[in-house]
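Taken in order, the sequence shown gives residues -22 to -1, 1 to 420; the numbers are from mature numbering (1 follows the signal peptide of the UniProt record, and there is no 0).
Each residue gets a CB set at the ideal place from its N, CA and C atoms; glycine is no exception.
Treat the numbers as computed from the prediction; the structure is a model and nothing was measured.
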Amino acid sequence: TLPSSMAPLWPLVLVAASGILAIDTPHPRSSALHHLTEKLLQKYRKEVRPVHNGTQATTVYLDVFVRAVLDVDAQNQKLTTSVWYHEVWDDEFLSWNSSMFDEIREISLPLSAIWAPDIIINEFVDLERSPDLPYVYVNSSGTIKHSKPIQLVSACSLETYAFPFDIQNCSLTFNSILHTVEDVDLAFLRSREDMTHDQKAFLNDGEWELLSVSSTYNILQSSAGDFAQIQFNVVIRRRPLVYVVSLLIPSIFLMLVDLGSFYIPPTCHARIVFKTSVLVGYTVFRLNISDEVPKSAVTTPLIGVFFTVCMAFLVLSLSKSILLVKFLHDEQCSRREWTFLCLRGDTDAEGSRMDPWAQLTGVTESPICQEHQAQPWTLREVWSQLQRISSYFQTQDQADRQEAGWLALLERFDRLLFQSYLVVLGFYTITLCSLWVLWSGL
Ligand SMILES: *[C@@H]1O[C@H](CO)[C@@H](O)[C@H](O)[C@H]1NC(C)=O
Ligand SMILES: *[C@@H]1O[C@H](CO)[C@@H](O)[C@H](O)[C@H]1NC(C)=O
Ligand SMILES: *[C@@H]1O[C@H](CO)[C@@H](O)[C@H](O)[C@H]1NC(C)=O
Ligand SMILES: *[C@@H]1O[C@H](CO)[C@@H](O)[C@H](O)[C@H]1NC(C)=O
């Protein structure tokens, strides 16, 4: 019966216990913090630049860590990066004597309650996305630290000529949008050497590799006044291996296959079929990869030229094969026609005494007519037959020789094409390899 009678009393017991605990636990820090915050913000006006002497500039120290390259859009000349951005400045109205406030050295204050510099990135072309971080840290000497991650879409002049061995140099320029250098000055938070080669924050597993982040300070002179500005040059390099494997090597393989087709005899019709299939294969390959090659309005990537030249070679070698077959075909036809005409011309010239019937049916088979002829006629007939046969073989021989000449010419052309094929392929291979070595050694 004891638990059931105690049950309604439990909340009371708990409240009493917590009351006792609250009274027992001292809260000096929390009250000091409260007191300090109230004291700092009581007479604070966030509209006023926080300096006692208005002629003195507020110096804002900047730092940028490039964390990742999210997208490189060559067609729209846009670079999307994720950066960690730090700002530090002194607020002369937000300092306190820490020994008077329980040794509190740092407090956080809402960003919306204090003055903050209006620094923008000049190159931004799209809304930068960053989480709304509501607080900044202030230490007892009035130094304010503000940092935030930013996903930044910036305009950048992207060069794709050397794709996939390209190196991009994009700048991020920070300056105050309104305040001249007399009011707001900029400076570096870290030494510039540290900044240039610091890649600790960079996620190094993507397509792009961070080479350096160099920075410069300069003063921009304009009609509205002189503005301090800090420029970070983010230099990134593409990792080419995936493109070499998926673009260059298949293309070279197709070219080698086409090169192999030169071993099929030029007169063989299968060669045309073979070359056509290689050409179709190449077209399908190019359609497949068209998304991977960056499109740029200004310059065509060298690799695009390479593909086009490869295609031109395939077309050239196919048309050459077609021409060759057509030549051969024409040759055979004209030879047949020509020898037939020759034969008929001979017959007309010599056999004018023969009746048309004999001419039409052929000389050997006119037994009815020949029965009436005298013996000498038959001999003469045989003689002329022999002559005709010999002349037929002569013309045949001549045609054969002519055809052999044609064939030799075409074979020479074939060999020439083969050699220029080899030269161009070798040239491209050497160029690409040397470019690769050159740019990866940078
Ligand atoms: C403000 O600073 C300038 C130079 O920094 C100095 O010449 C001037 O006397 C200062 N004014 C006051 C009121 O302290
Ligand atoms: C801070 O306050 C302590 C005690 O109130 C005092 O002794 C000290 O001089 C003060 N320091 C400054 C920099 O005002
Ligand atoms: C406040 O922070 C700045 C910059 O980090 C530093 O130089 C200064 O000594 C700090 N002040 C105190 C009281 O810790
Ligand atoms: C990047 O471009 C800036 C000027 O836009 C130049 O000063 C800097 O040397 C370039 N960096 C590299 C590595 O080319």
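Would you mind working out which of the options sits nearest residue i, comparing C-alpha positions?
i    : options                : result
I128 : D104, Y139, A10, P279  : D104
G120 : L19, I98, Y63, L416    : L19
F291 : Q397, R216, P95, M78   : Q397
L150 : A140, L130, E137       : L130
T37  : V61, S297, A46, P95    : P95
S201 : L156, S412, L364, A386 : L156
L225 : V66, L280, Y195, S108  : L280
V50  : C134, A10, H124        : C134
W62  : L111, S76, T407        : L111
Y399 : L232, L164, V212       : L232
A179 : V47, N31, L385         : V47
V42  : D183, E101, S125, F141 : S125
Would you call residue i buried or exposed, if buried means 16 or more other Cβ atoms sit within 10 Å of its Cβ?
i    : result
G282 : buried
Y221 : buried
Q146 : buried
V401 : exposed
E25  : exposed
I92  : buried
P28  : buried
S132 : buried
A253 : The amino acid at residue 253 is misidentified as Ala; the sequence shows Lys. K253 comes out buried.
E160 : exposed
D378 : exposed
L296 : buried
Should residue i be listed as close to ligand 1, given that the test is whether its C-beta is under 7 Å from any heavy atom?
i           : result
residue 421 : Not covered by the structure: residue 421. The range shown for the chain is -22 to 420.
S277        : In the sequence as displayed, the identity of residue 277 is Thr instead of Ser. No; taking the cut-off as 7 Å, the Cβ of T277 has no heavy atom of ligand 1 nearer than that.
Q34         : yes
N147        : no
N196        : no
What does a CB cutoff of less than 6 Å around residue i pick up in its chain, not counting 5 residues either side in sequence?
i    : result
T339 : For T339, the predicted model reports a pLDDT of 48, less than 50, meaning its position is unreliable; a value from the coordinates is still stated below. There are no such residues.
E106 : I128, L130
Y115 : E84, S86, K123
V415 : none
Does the beta carbon of residue i fall short of 7 Å from some heavy atom of ligand 4?
i    : result
V44  : no
S132 : no
State yes or no: is the C-beta of residue i nearer than 7 Å to some heavy atom of ligand 3?
i    : result
R215 : no
N211 : no
T121 : yes
S118 : yes
R23  : no
R83  : yes
Is residue i helix, strand or coil by DSSP?
i           : result
A133        : strand
S190        : strand
E106        : coil
G203        : strand
E81         : coil
D68         : strand
D163        : strand
C288        : helix
S368        : helix
R216        : strand
A46         : strand
K304        : helix
Y399        : helix
F240        : helix
residue 437 : Residue 437 lies beyond the residue range present for the chain, which begins at -22 and ends at 420; the question has no answer from this structure.
S125        : strand
V223        : helix
W62         : strand
R28         : Before going further, note that residue 28 is Pro rather than Arg in the sequence given. Looking at P28 - three-state DSSP - the assignment turns out to be coil, as it is neither helix nor strand.
Y114        : Reading off the sequence shown, one finds Val at residue 114, where the question assumed Tyr. V114 falls in the strand class under three-state DSSP.
F231        : helix
D96         : coil
Q53         : coil
C148        : strand
I250        : helix
Q177        : coil
V283        : helix
Near residue i, which residues of its chain fall below 8 Å by C-beta distance, leaving aside the five closest residues on each side in sequence?
i    : result
L14  : W74, F79, I82, I85
E187 : I214, R215, R216, R217
I197 : V159, D204, F205, A206, Q207
K298 : F391, D392, L395
I242 : A248, R249, F252
Among the residues of its own chain, which have a CB less than 7 Å from the CB of residue i, if the five just before and after it don't count?
i    : result
L302 : P244, L388
E185 : R216, R217
G383 : none
T138 : A52, D144, P272, S274, T277, P279
Below 7 Å, is the gap between the Cβ of residue i and the nearest heavy atom of ligand 2?
i    : result
M173 : no
Compute the minimum distance between the beta carbon of residue i and the heavy atoms of ligand 5, and state whether it is under 7 Å.
i    : result
S224 : The model on display carries ligand 1, ligand 2, ligand 3 and ligand 4 but not ligand 5.
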